[in-house]
Amino acid sequence: MSSRLPPVTLVLGGARSGKSAFAEKLVEPASSERLYLATGRAWDDEMRNRISSHQARRGQGWKTVEAPVKLAEALVANAGADRPVLVDCLTLWVTNLMLGEEDLDVAFDGLCAALPGLPAPVVFVSNEVGLGIVPDNAVARAFRDHAGRLHQKIAGLADEVYFVAAGLPLKMKG
Amino acid sequence: MSSRLPPVTLVLGGARSGKSAFAEKLVEPASSERLYLATGRAWDDEMRNRISSHQARRGQGWKTVEAPVKLAEALVANAGADRPVLVDCLTLWVTNLMLGEEDLDVAFDGLCAALPGLPAPVVFVSNEVGLGIVPDNAVARAFRDHAGRLHQKIAGLADEVYFVAAGLPLKMKG
Amino acid sequence: MSSRLPPVTLVLGGARSGKSAFAEKLVEPASSERLYLATGRAWDDEMRNRISSHQARRGQGWKTVEAPVKLAEALVANAGADRPVLVDCLTLWVTNLMLGEEDLDVAFDGLCAALPGLPAPVVFVSNEVGLGIVPDNAVARAFRDHAGRLHQKIAGLADEVYFVAAGLPLKMKG
Numbered sequence: 001m002s003s004r005l006p007p008v009t010l011v012l013g014g015a016r017s018g019k020s021a022f023a024e025k026l027v028e029p030a031s032s033e034r035l036y037l038a039t040g041r042a043w044d045d046e047m048r049n050r051i052s053s054h055q056a057r058r059g060q061g062w063k064t065v066e067a068p069v070k071l072a073e074a075l076v077a078n079a080g081a082d083r084p085v086l087v088d089c090l091t092l093w094v095t096n097l098m099l100g101e102e103d104l105d106v107a108f109d110g111l112c113a114a115l116p117g118l119p120a121p122v123v124f125v126s127n128e129v130g131l132g133i134v135p136d137n138a139v140a141r142a143f144r145d146h147a148g149r150l151h152q153k154i155a156g157l158a159d160e161v162y163f164v165a166a167g168l169p170l171k172m173k174g
Numbered sequence: 001m002s003s004r005l006p007p008v009t010l011v012l013g014g015a016r017s018g019k020s021a022f023a024e025k026l027v028e029p030a031s032s033e034r035l036y037l038a039t040g041r042a043w044d045d046e047m048r049n050r051i052s053s054h055q056a057r058r059g060q061g062w063k064t065v066e067a068p069v070k071l072a073e074a075l076v077a078n079a080g081a082d083r084p085v086l087v088d089c090l091t092l093w094v095t096n097l098m099l100g101e102e103d104l105d106v107a108f109d110g111l112c113a114a115l116p117g118l119p120a121p122v123v124f125v126s127n128e129v130g131l132g133i134v135p136d137n138a139v140a141r142a143f144r145d146h147a148g149r150l151h152q153k154i155a156g157l158a159d160e161v162y163f164v165a166a167g168l169p170l171k172m173k174g
Numbered sequence: 001m002s003s004r005l006p007p008v009t010l011v012l013g014g015a016r017s018g019k020s021a022f023a024e025k026l027v028e029p030a031s032s033e034r035l036y037l038a039t040g041r042a043w044d045d046e047m048r049n050r051i052s053s054h055q056a057r058r059g060q061g062w063k064t065v066e067a068p069v070k071l072a073e074a075l076v077a078n079a080g081a082d083r084p085v086l087v088d089c090l091t092l093w094v095t096n097l098m099l100g101e102e103d104l105d106v107a108f109d110g111l112c113a114a115l116p117g118l119p120a121p122v123v124f125v126s127n128e129v130g131l132g133i134v135p136d137n138a139v140a141r142a143f144r145d146h147a148g149r150l151h152q153k154i155a156g157l158a159d160e161v162y163f164v165a166a167g168l169p170l171k172m173k174g
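Residue numbers (the UniProt record's numbering), protein chains in the order written: chain D, 1 to 174; chain F, 1 to 174; chain P, 1 to 174.
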């Protein structure tokens, strides 16, 4: 049963804001079986540690699938009627799309198009990255533009949107 | 008619948060004629593209006036009774004041002093830039101090203040 | 009398968001005698100016104690029944702990353990620093991880949590 979750939820927050833990708590009561779509890749020790600590916290009942680039395809292939999905996180997906020189608009539109047909609720986690000083380098500026556009698209489709700071959720929509 | 807008509104948000589009939607129903006070200068291709995309979205009914430095003067000279004003954005104005080595306190006080006498409502858009790591360089630190002080002054005078993230407004005041 | 303040309050905000002034206004009506625990050190002119302007604004009735590293100890030693405490700010404390190569988890747990036994209410001010682009350097990334973890811990214990932007408080808890 996953009746407590609306079809699409977006959880935005800063670094170490508790956004992933909050999103997990949204998903866990919804079903005994959950799908974790991980966009992060363990490319260095810092990232490996971060992934391990997330895995340790999540505990049992989660099936993990890596989807660093083909996120829409992984959603469609793996979502099941009684298995709500947690996608963590959209900003790492944007990073991977940029590194892979993918067409970001095509990827964003593909993700948005896949959402209405999914048989299970999906919760997206993402970093808000646009509230600091304008970055010096153009790639970082492009990254935060892409992330901001994607957040607007997903928030527009989402039934519920939360902003998390210091572990506390603020409901922005729903 | 511009009866739906209060005298002064401040719309704060991050990069690509949808703050300008939200502010435009506040202003557009208020009158068939609107004034757009642009503080940005097209000094490179990135900025030129940004300005073009904003102009394309705004569509008809807007008169655009450039006010990179003399913002209070442009407000007083161009505001008309049936023409609400959108100022986009305060952070670029702060940048221009710093580049021009203007006295920022004098400029801020001049802007605040001009507001009560305006014949039309005005909506300010600005970037919140103080929620990242402390910048390495002193100019960036000074910039975010100036921007923060200006936001506090305008928010103190404003009837309504919104914080926009992922295209969603959160009312902070009003 | 300090009956108006709950035992623990956290005030989060960006640079120049007005968070310190807001926190002072929470504390000042609670008692004619107040304790100001300053974690900042006047190590350069910029910091000296910032400290002076904070001191000038606070005015009378405040006793200032410096607690750059031993914050829990200073709280326990100086808190009195009729003297509410303002700690400004946690992010500078984290900086000092890192510079002093202290064990941050031990320090965080020590602070949290000290809170329930205090005879007076305490208000913590801290900078939210996790909402910008991921910093290039590892120390800055570690800093924002530490700050984020501490904010979650204090927010979890706090009775009231505020997020301040442009001088305006948004209640996140309480």
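Heads up, the beta-carbon is just placed ideally off N, CA and C, and yes, glycines get one too.
For T64 (chain P), the uninterrupted beta strand (DSSP E) run begins and ends at W62 to E66, by DSSP. DSSP places G80 (chain F) in the strand class (E or B) of the three-state scheme. The beta carbons of V69 (chain P) and G117 (chain P) sit no closer together than 8 Å. A56 (chain F) is not a Cβ neighbour of R48 (chain F), given a cutoff of 8 Å. Contact check between the region 88 to 98 of chain F and the region 113 to 129 of chain F: three or more CB pairs, one atom from each, fall below 8 Å, which counts as touching. Distance from the CA of S32 (chain F) to the CA of R83 (chain F), rounded to the nearest whole angstrom, comes to 8 Å. DSSP lists P:T9 as the bridge partner or partners of E160 (chain P). The three-state secondary structure of P169 (chain P), taken from DSSP, is strand. If you check the CB distance, V11 (chain F) and A23 (chain F) come in under 8 Å. L92 (chain P) has no beta-bridge partner at all, per DSSP. Near chain P, meaning a CB-to-CB distance below 7 Å, the residues of the region 1 to 34 of chain D are G14, A15, R16, S17 and G18. Under DSSP, F124 (chain D) takes part in a beta bridge, and its partners are D:L10 and D:V87. Of all C-beta pairs linking the region 105 to 122 of chain P to the region 137 to 146 of chain D, fewer than three are shorter than 8 Å, placing the two stretches out of contact. With a threshold of 8 Å between beta carbons, F143 (chain F) makes no contact with chain P.
The region 155 to 162 of chain P makes contact with the region 163 to 171 of chain D: 3 or more CB pairs, one atom from each, lie closer than 8 Å. About 7 Å separates the beta carbons of V87 (chain P) and L71 (chain P), which is inside the 8 Å limit, making them a contact pair. Counted as a single uninterrupted DSSP element, the alpha helix (DSSP H) harbouring A23 (chain F) occupies residues K19 to V27. For A15 (chain D), no beta strand (DSSP E) segment is defined, and its DSSP state is neither H nor E. Residues of chain F whose Cβ lies closer than 8 Å to the Cβ of V161 (chain D) are, in chain order, A166 and L168. Residues of the region 111 to 133 of chain P with a C-beta atom less than 9 Å from some C-beta of chain F are N127, E128, V129, G130, L131, G132 and I133, listed in chain order.
Beta-bridge pairing by DSSP links L37 (chain D) to D:V65 and D:V87. P119 (chain P) is positioned such that its CB atom lies closer than 8 Å to that of A81 (chain P). Shown here, A74 (chain P) sits in a helix according to DSSP, grouped into three states. Residues of chain P whose Cβ lies closer than 7 Å to the Cβ of A140 (chain D) are, in chain order, I133.
The beta carbon of R50 (chain D) sits no closer than 8 Å to any beta carbon of chain F.
For D136 (chain P), no alpha helix (DSSP H) segment is defined, and its DSSP state is neither H nor E.
In this structure, the alpha-carbon of I51 (chain D) lies about 39 Å from that of D44 (chain P). DSSP, read as helix, strand or coil, puts D45 (chain D) in helix. Under the three-state reduction of DSSP, D145 (chain D) is assigned to helix.
Around G40 (chain D), the same chain offers M47, I51 and L92 as residues with beta carbons nearer than 7 Å, after the five sequence neighbours per side are excluded. With a cutoff of 8 Å on beta-carbon distance, S20 (chain F) and V161 (chain F) are scored as not near each other.
For L111 (chain F), the enclosing alpha helix (DSSP H) covers residues L104 to A114. By the Cβ-count criterion, G18 (chain F) is buried, with 16 or more other Cβ atoms from all chains shown falling within 10 Å of its own Cβ. Contact with chain P is found for R149 (chain F), since one of that chain's Cβ atoms lies less than 8 Å from the residue's Cβ.
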